[in-house]
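Report on the structure given below.
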Amino acid sequence: MATQQQGEAAMVKTLLVHGLDGSPAPHWQHWWVATDPNAMMVDLSDVSRPDPARWGAELAGAILRHPGAVLVGHSLGAVLITQVLTDWPQLDVAAALLVAPAEPEGQSRIQPFAPLRARPLDVPTTVVASRNDPWMRFHRARQLADAWRADVIDVGFAGHINVESGFGPWPEGKRLRDDLLVQATPQPRPQLARLSNVATFFPHR
-13 MATQQQGEAA MVKTLLVHGL DGSPAPHWQH WWVATDPNAM MVDLSDVSRP DPARWGAELA
47 GAILRHPGAV LVGHSLGAVL ITQVLTDWPQ LDVAAALLVA PAEPEGQSRI QPFAPLRARP
107 LDVPTTVVAS RNDPWMRFHR ARQLADAWRA DVIDVGFAGH INVESGFGPW PEGKRLRDDL
167 LVQATPQPRP QLARLSNVAT FFPHR
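Each residue of the sequence shown is one higher than the one before, starting from -13 at the first, in our numbering.
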């Protein structure tokens, strides 16, 4: 199964969506792009002063250029993904991995992204949440995941799942992406019996 998942991941583009102030090295998103030839960071403008409309248009443009991609967002990037998938449900997205989504309410630098969308997303989605994330309480992340119809991965006390909490290289993120791809890939239907075997089902009387 691992080989199958790796093969599927190799054929699908992974678009990494950073949050406020970007994801420079040694952030795990930077590591992911450096170690996965089929991954790229979405180019979002003015990372220190994010604008929801501009960032949304830029992410939608990246999806249009890479249809069928998996979206991997961290912090505000995870929030942006939910907004784009809600506002443009017709976009061709395979799946979404939302890591440590940030709560914009009450945070002056990201307040324009409030309120968060709390509607079902039409793609396989996994939320990775921490029990001591300073940007969103765990129970709030679970509530949103329920609204998004997303699976939840509880990583325990992992802070904001960023450099400050000890996250540089993060192979587990790639594994979660691969698991999502299995959900997003239609499973092959059982092959019909060959004509030469028809007698097995309809024996001569």
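Yeah, the Cβ is synthetic: ideal placement off N, Cα and C, and Gly gets one too. This structure is a prediction, so every number in the text was calculated from the model and none was measured.
- Between residue 114 and residue 4, the alpha-carbon positions lie close to 15 angstroms from each other.
- Along the length of the stretch 21 to 88, whole alpha helix (DSSP H) runs at least 4 residues long occupy 38 to 51 and 62 to 73, reported in chain order.
- Straight through space, the alpha carbons of residue 71 and residue 133 are spaced by roughly 13 angstroms.
- A distance below 8 angstroms between beta-carbons, with the five flanking residues on each side excluded, links residue 119 to the following residues of its chain, in chain order: 86, 127, 144, 145, 146 and 147.
- The alpha-carbon separation between residue 61 and residue 84 amounts to approximately 8 angstroms.
- For residue 168, there is no enclosing beta strand (DSSP E); the enclosing alpha helix (DSSP H) covers residues 157 to 170.
- Bridge partners of residue 137 according to DSSP: 112.
- Bounds of any beta strand (DSSP E) do not take in residue 102, whose DSSP letter is neither H nor E.
- Burial is judged here by how many other beta carbons sit within 10 angstroms of a residue's own beta carbon; residue 52 has at least 16 and is buried.
- The C-alpha of residue 18 lies about 31 angstroms from the C-alpha of residue 92.
- The shortest CA-to-CA distance from residue 33 to any of 8, 104 and 103 is the one to 8.
- As the crow flies, the alpha-carbon of residue 137 is around 6 angstroms from that of residue 111.
- In this structure, the beta-carbon distance from residue 82 to residue 58 falls below 9 angstroms.
- Comparing alpha carbon positions, the residue from 171, 169, 164 and 170 closest to residue 24 is 164.
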